[in-house]
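Here the structure comes first, spelled out in structure tokens, and everything after it is commentary.
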Amino acid sequence: MEERRHTSLHYEMELQEIKNSLIYLGALTEKAIQLAMKSLTQRNTDLANQVIRDDDEIDKMDTEIEERCIKILALRQPAAIDLRFITTAIKITGHLERIGDMAVNIAEKAIQLNEEPQLKPYIDLPRMSGLVEEMIKNALDAMIKGDLQTAEKVGETEEAVDDLNEQIFRELLTFMMEDSKNIHRSLLVMHVSKNLERIADHAKGIADMVTYMVTGENVRHRPQN
Amino acid sequence: MKKNLFYKIFFSYLVIISLSFLLLDLFLREEVEKNLTSQIETEMMSYAKIIDLSPREKVTEQIGEMANISNCRVTLIDARGKVFADSEKDVTQMENHSNRPEVQEARLKGSGISVRFSSSLNIDMLYVAVTIRNGEKINGYVRLARPLHDVQKVIQKMYESILGASAIAVIVSLLIALFISYRLAEPIRAMERFTEKLRQGEPVGAILLNTADETKKLADNINFLVEELKDKIRIANEEKSKLMTALTSMTEGVLIINAQGLIEFVSPVLGDMLSVRYEDVFGKTLMEAFRSAELQKILTEFKRTGENITREITLDMAEVVILNVSVSAVHGYPQEDKTMIVFHDVTRLKKLEKVKEDFVANVTHEIRTPLTAIIGYLETIKNGAIVNIDETKKFVDIILNQAERLNRLVEDLLTLSHIELKELKFNFENVSINAAITNVISLVETKAKEKKITIHNNVRENFPMIRADKDKLTQIFVNILDNAVKFTPESGRITIAAKEADAYTAVSISDTGIGVPRDEIQRLGERFYRVDRSRSRDLGGTGLGLSIVKHLMIAHGGRMEIESELGRGTTVSLLFPLAKKEQNRVPL
């Protein structure tokens, strides 16, 4: 969508609006993850509450984007890449909304964790959230530029996130085995880790949709080599 | 046909000239033909009348001679139409001529003319007949005939000379037309070439024409306009460069968005501020370029309310920047409502603010903690514990300890402010790094041994000397090594090394300690800054150690760099300027 392709300037602007809203939604979810993780590492419950509050806007954006897409489908009858873009946008906004929900999950767990003494310094979790944020950023970057290479990068990062999740899981398991008092907190931390991992999955989903949008080829559910 | 002016003018001339000569020829030809024919007819008529006057017998005898003179065939016909004399044919074989058209006409009018095919001679002939009268009575007719091609030959000849004259006239007038067209078209073409050059931005002077008509005036007007345009361009360029200079030299970054919401202008300052390249953001929407929900919110709000907005936002670009953002409309574009956003980088300001706030909070806190302890224990003693000598001794020890801590704190603060106010006297001399470090290691050794920490001094004994103040250097190394011992868990290792780089002698002290989170490294030199407040205070620091090192290093013309990995350890590098550059030290 780099240059003007449509005779109708208005149509062009409608598409641009959707793209803009998607990036906006992406920025909101990125921010939500950042704040949720900050509330966890800095043990700041206020930030966690803010994440939960801000999720309303994410939900609102999600429905708004979806409505706009449907409107274009109905009124403009888009074809080829535009059609793929619209359908992709509908899916991406769903993914982003889910990511927002997961940020809320993390924030809720952070609130609980902040009520108790810290189990251990968080080292791997911030690293993991860093990777996850990068994935979302890359996935959206790929969407803006229609860049397949960036989309591929997202898939690679996802594996690193999975590995970190595994590592955190093992580590927490030893904590739980050491002392049964640790179990509650360990489970909460595990929740956070699991949520981050699922966010990574969603980011991968977005990247796959971008690949579909650009090439028209469906790369989801493809067996890993 | 080329569509240029010269050809147009010339072609018009060509058409006009050709057409007029064509018409001229057409009329002339008819006129000439008519005139010549009637002339010939009149001539023949005269001959016929002359013959008429001659006596009949004489005419009959001398008919051949007459025919020769008049260059005509002469026929004499009587009143009943019978031919009685002919210059060319035997009269006995000729039919009655009374029904010939010219004869019939002559009978009625006295003379007659006719052009027709002669059955006697087998060619087209022109016949002229007159009556021979005797009073009112017609006695007969004299008829003269001449072959028509004779007449036509004369006409043809006449016509040829007209055509020749016309051709010459046409050629001459075309040559003149060519010249005139050229003269007319050339100034206009000159102007066209000139304006074309102007359009393509080539440097132009002025058009000089040696005409005196409207083209000259047009050229003068063009020259005038060009001068004015040049002036305007010069002024515009001047304005632009003024604006660019202003935009580049001011600390604020400027961005302009057009009516379609696309970024149209980014000042170089903004590019540097947010580490974005012009090509990467030009023509994008704000959201695409900066991916900031906060920024988008401000823009949306501005579009809705139309009121200027100034707000502080945090942008997560290559690094986190705190910006003061003002949005306003750009006036002067009636159809295009452009929006200007001015970014003011307040990251440093905010950080400084935080440092100051922290400092005040910290300094009061640091002083109050020992004071609280001192007052608490003194009160306990006063309230009766004084009778118990053993208890009192213990309390007094604690009080002394806290007082000493307070003293250390005040000393450190004083040192720091002395360095900052440049009141501290430095006594620079050549110092051996190895010796200084060995000395310091002996000071911290006992503490290290308690935690089973080994200290390795890898600095060669003959390592080049550096210029430094010996006492201050010792203080630097003590502070760093003390920290290293404090923050390294049991059985850790501290390694000291030195190397010479381009412009610096670098001394590095690495430990296998707890490390510092990456985003907090740059705050380490701040007064009272502690990564983990509760823990490091337990270890008895004042929170000023690294701050003092940092400032002492600056006073030495060097600097301190810290690398650290959480849980792995920290390396503090002290960069001293090379001894020879010491003479004219460049502040860093």
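Top to bottom, those sequences are chains A and B. If you're matching positions, the first sequence starts at 1 in our numbering and goes up one per residue. If you're matching positions, the second sequence starts at 1 in our numbering and goes up one per residue. Every residue gets a Cβ at the ideal spot worked out from N, C-alpha and C, and that includes glycine. In this text the structure is predicted, and so the values were computed from the model without any measurement.
Assuming residue i and residue j form a contact by the criterion Cβ under 8 Å, report the distance between their Cβ atoms to the nearest whole angstrom.
i	j	result
V325 (chain B)	I313 (chain B)	6 Å
A151 (chain A)	T211 (chain A)	5 Å
R523 (chain B)	G543 (chain B)	The pair is not a contact, with the Cβ atoms about 12 Å apart (cut-off 8 Å).
I90 (chain A)	P78 (chain A)	About 12 Å separates the two Cβ atoms, so there is no contact after all.
I256 (chain B)	M340 (chain B)	5 Å
L22 (chain A)	I65 (chain A)	6 Å
V132 (chain A)	L196 (chain A)	5 Å
V130 (chain B)	M66 (chain B)	At roughly 14 Å, the Cβ-Cβ gap does not stay under 8 Å, so V130 (chain B) and M66 (chain B) are not in contact.
G525 (chain B)	R568 (chain B)	That belief does not hold up - the Cβ atoms of G525 (chain B) and R568 (chain B) are roughly 21 Å apart, past 8 Å.
L36 (chain B)	I155 (chain B)	5 Å
A32 (chain A)	A103 (chain A)	4 Å
S193 (chain A)	A110 (chain A)	Not quite, the Cβ-Cβ distance comes to about 13 Å (not below 8 Å), so this is no contact.
S70 (chain B)	Y47 (chain B)	4 Å
Counting only Cβ pairs nearer than 7 Å, list the residues of chain A close to residue i.
i	result
M287 (chain B)	N20, I23, Y24
Please classify residue i: does DSSP put it in a helix, a strand, or coil?
i	result
H344 (chain B)	strand
N584 (chain B)	At N584 (chain B), the pLDDT of 46 sits below 50, so the modelled position is not reliable and the matter cannot be decided from this model.
L421 (chain B)	coil
E338 (chain B)	The amino acid occupying residue 338 (chain B) in the given sequence is Lys; Glu does not appear at that position. Strand.
Y529 (chain B)	coil
M66 (chain B)	helix
R4 (chain A)	Confidence is the limiting factor: at R4 (chain A) the pLDDT is only 47, short of 50, which leaves the residue's position unreliable and the question unanswerable from this model.
F117 (chain B)	strand
N430 (chain B)	strand
V210 (chain A)	helix
V363 (chain B)	helix
D213 (chain B)	coil
R183 (chain B)	helix
S326 (chain B)	strand
M1 (chain B)	Caution is warranted here: a pLDDT of 46 is assigned to M1 (chain B), below 50, making its placement in the model unreliable, and the coordinate value is therefore given only provisionally. Coil at M1 (chain B), not helix or strand.
M125 (chain B)	strand
I16 (chain B)	helix
F576 (chain B)	strand
E307 (chain B)	coil
N383 (chain B)	coil
Could you give the distance in angstroms between the alpha-carbon of residue i and the alpha-carbon of residue j?
i	j	result
L578 (chain B)	F477 (chain B)	18 Å
V74 (chain B)	L175 (chain B)	53 Å
G216 (chain A)	Q149 (chain A)	16 Å
K8 (chain B)	S173 (chain B)	16 Å
K350 (chain B)	L35 (chain A)	20 Å
G205 (chain B)	E279 (chain B)	37 Å
Q16 (chain A)	M250 (chain B)	33 Å
Q402 (chain B)	E379 (chain B)	15 Å
A142 (chain A)	T454 (chain B)	51 Å
D179 (chain A)	R185 (chain A)	11 Å
E2 (chain A)	I263 (chain B)	Model confidence at E2 (chain A) stands at a pLDDT of 43, short of 50, so the residue's coordinates are unreliable and nothing is read from them.
H149 (chain B)	V32 (chain B)	16 Å
L5 (chain B)	Y127 (chain B)	58 Å
K217 (chain B)	S12 (chain B)	25 Å
R29 (chain B)	M191 (chain B)	47 Å
Q475 (chain B)	L400 (chain B)	24 Å
V115 (chain B)	E41 (chain B)	11 Å
N388 (chain B)	I381 (chain B)	9 Å
V219 (chain A)	D201 (chain A)	14 Å
E227 (chain B)	T215 (chain B)	18 Å
R591 (chain B)	K356 (chain B)	It is not possible to answer for residue 591 (chain B), since the shown part of chain B is limited to 1 through 588.
Can you name the residues of chain B whose CB is closer than 7 Å to the CB of residue i?
i	result
M213 (chain A)	Under the 7 Å cutoff, chain B gives no residues; its nearest Cβ is about 16 Å from M213 (chain A).
K31 (chain A)	A293
List the residues of chain B whose Cβ lies closer than 9 Å to the Cβ of residue i, in chain order.
i	result
M102 (chain A)	Per Cβ cutoff of 9 Å: no residues; M102 (chain A) is ~18 Å from chain B at best.
A207 (chain A)	Within chain B, no residue comes near A207 (chain A); the closest Cβ sits about 16 Å away, beyond 9 Å.
L28 (chain A)	A293
M13 (chain A)	Q260, G261
Who are the neighbours of residue i on chain B, taking C-beta pairs under 8 Å?
i	result
M37 (chain A)	Those within 8 Å of M37 (chain A) in chain B number zero; the least Cβ separation is about 13 Å.
Residues in the segment 282-314 of chain B having any Cβ partner in chain A nearer than 7 Å: T285, M287, E288, R291, S292, A293, Q296
Taking Cβ-Cβ distances below 7 Å as the criterion, which residues of the segment 543-577 of chain B are in contact with chain A? L566, G567
Short-range partners of chain B found in the segment 121-154 of chain A, where Cβ spacing is below 7 Å: I123, I144
What are the residues of the segment 381-404 of chain B that lie near chain A, defined by any Cβ-Cβ distance shorter than 9 Å? Per Cβ criterion, the list is empty.
Pull out every residue of the segment 239-267 of chain B whose Cβ sits closer than 8 Å to any Cβ of chain A, in chain order. Q260, G261
Contact list for the segment 45-64 of chain A against chain B, Cβ threshold 8 Å: none
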